[in-house]
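Undergrad:
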Amino acid sequence: MLKKINWGNIVFELFSVFVGLLAALYVDSLIAESEEKNREKEYLTEIKNDLDSDITELEEALSGMQNNFESIQKLNKAILIGEISADSLVDYFGRLIFIKEFRPNFTAFDIVKSKGELNIIKNQKLIYELTELYEFSKDVERSTQEVKDYYQHRLEPFMLEHFDLKDYVWNDTVTIQSNQMIQDPFFQNLVLMSVQKYGTQLHFHKTYLKIIQEIKSALE
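Numbering (my numbering) for the sequence shown: 1 to 220.
This is the structure in structure tokens:
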């Protein structure tokens with residue numbers, strides 16, 4: 001005689017297995033979610049550290065850029081007035097030797113992208129802002145490169161011809177007077193273009209600083 005099948009026990013056992021699987025999946029999901037949150041927190045901390053580093057470096061660079069721009073502005077003002085002392089002329093040009101540079105740091109953001117884990121960062125607005133910042137950083141670096149190129153090809157040759165920058169004095173071979181120089185159309189154009197180049201560099205870097213300060217504040 002065939003043994004009667006206890007369907008109730010079978011159903012109960014199957015149900016128990018099913019519940020066990022669901023519980024295991026739920027636990028695995030919780031663990032994965034916890035690990036993902038930890039990675040997100042780690043990435044955000046590293047991104048914030050990069051922004052902190054950029055702010056410190058950029059504030060220092062801006063001090064030098066501001067100094068350069070003010071020197072150019074003083075030269076431009078002298079042209080408008082039509083008068084400047086020889087010492088001031090050499091001094092203002094001498095300050096332009098030191099070109100401040102700033103290189104944005106995207107190390108943490110690049111790591112997240114390279115791992116294909118941008119989706120881990122739930123703040124999509126932050127991802128968008130960092131992506132836009134990355135694109136804008138190219139303009140920031142380009143503005144400094146344009147200053148360097150202009151200095152190398154236009155300003156430096158002029159300065160080497162007329163000034164002994166080591167001692168911040170006129171070259172012995174130069175007889176032209178400072179007030180005559182600022183009336184020279186070539187000199188005036190040189191200064192005018194310098195105002196544009198150095199002014200653009202300063203503007204881009206100030207704007208960049210404001211943006212990264214806002215992004216950093218949103219992370220705090």
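Built from N, CA and C at the ideal position, the CB exists for glycine as well. Since this is a predicted model, take the numbers as computed values, not measurements.
(1) Between I47 and N179, what straight-line distance do the alpha-carbon atoms span, to the nearest angstrom?
(2) Work out the CA separation of L58 and K100 for me, nearest whole Å.
(3) Can you grab the Cα-Cα spacing for the pair R221 / T200, in whole Å?
(4) Is any heavy atom of the ligand MN found at a distance shorter than 7 Å from the C-beta of L126?
(5) Among E129, L80 and L133, which residue has its Cα nearest to the Cα of F187?
(6) Return yes when the Cβ of I72 is within less than 8 Å of the Cβ of V147, no when it is not.
(7) If we count Cβ pairs, one from each stretch, closer than 8 Å, do we get three or more for the region 204 to 218 versus the region 106 to 119?
(8) Whose C-beta lies closer than 6 Å to the C-beta of N76 among residues of the same chain, with five residues either side of it excluded?
(9) Under 7 Å Cβ to Cβ from D54, same chain only, skipping five residues before and after it: list those, please.
(10) Could you give the DSSP three-state label for N67: helix, strand or coil?
(11) Keeping to the same chain, check which residues put their C-beta closer than 7 Å to that of F204; ignore five residues upstream and five downstream.
(12) Which stretch, first to last residue, makes up the alpha helix (DSSP H) that contains E129?
TA: Checking against the coordinates, here is how it stands:
(1) Mapped onto the sequence shown, residue 47 falls at position 47. Mapped onto the sequence shown, residue 179 falls at position 179. The straight-line gap from Cα to Cα measures roughly 52 Å.
(2) Here residue 100 refers to the residue found at position 100 when the sequence shown is read from its first residue. Here residue 58 refers to the residue found at position 58 when the sequence shown is read from its first residue. When rounded, the distance between both Cα atoms is 10 Å.
(3) With the chain running from 1 to 220 in the structure shown, residue 221 is simply not present.
(4) Annotation note on the ligand MN: not contained in the displayed structure, which lists no ligands.
(5) For this step, residue 187 is matched to residue 187 along the sequence shown. Of E129, L80 and L133, the residue nearest in Cα terms is L80.
(6) Looking up residue 147 in the sequence shown gives position 147. Looking up residue 72 in the sequence shown gives position 72. Contact: no.
(7) no
(8) Within the sequence shown, residue 76 is the residue found at index 76, counting from 1. Cβ within range, chain order: V191 and V195.
(9) The residue given as residue 54 occupies position 54 in the sequence shown. Taken in chain order, the residues that qualify are P104, N105 and I212.
(10) Here residue 67 refers to the residue found at position 67 when the sequence shown is read from its first residue. Note: N67 maps to helix in three-state DSSP.
(11) Mapped onto the sequence shown, residue 204 falls at position 204. D139, V140 and S143, listed in sequence order.
(12) In the sequence shown, residue 129 corresponds to position 129, counting from 1. Segment Q124 to Y150, the alpha helix (DSSP H) holding E129.
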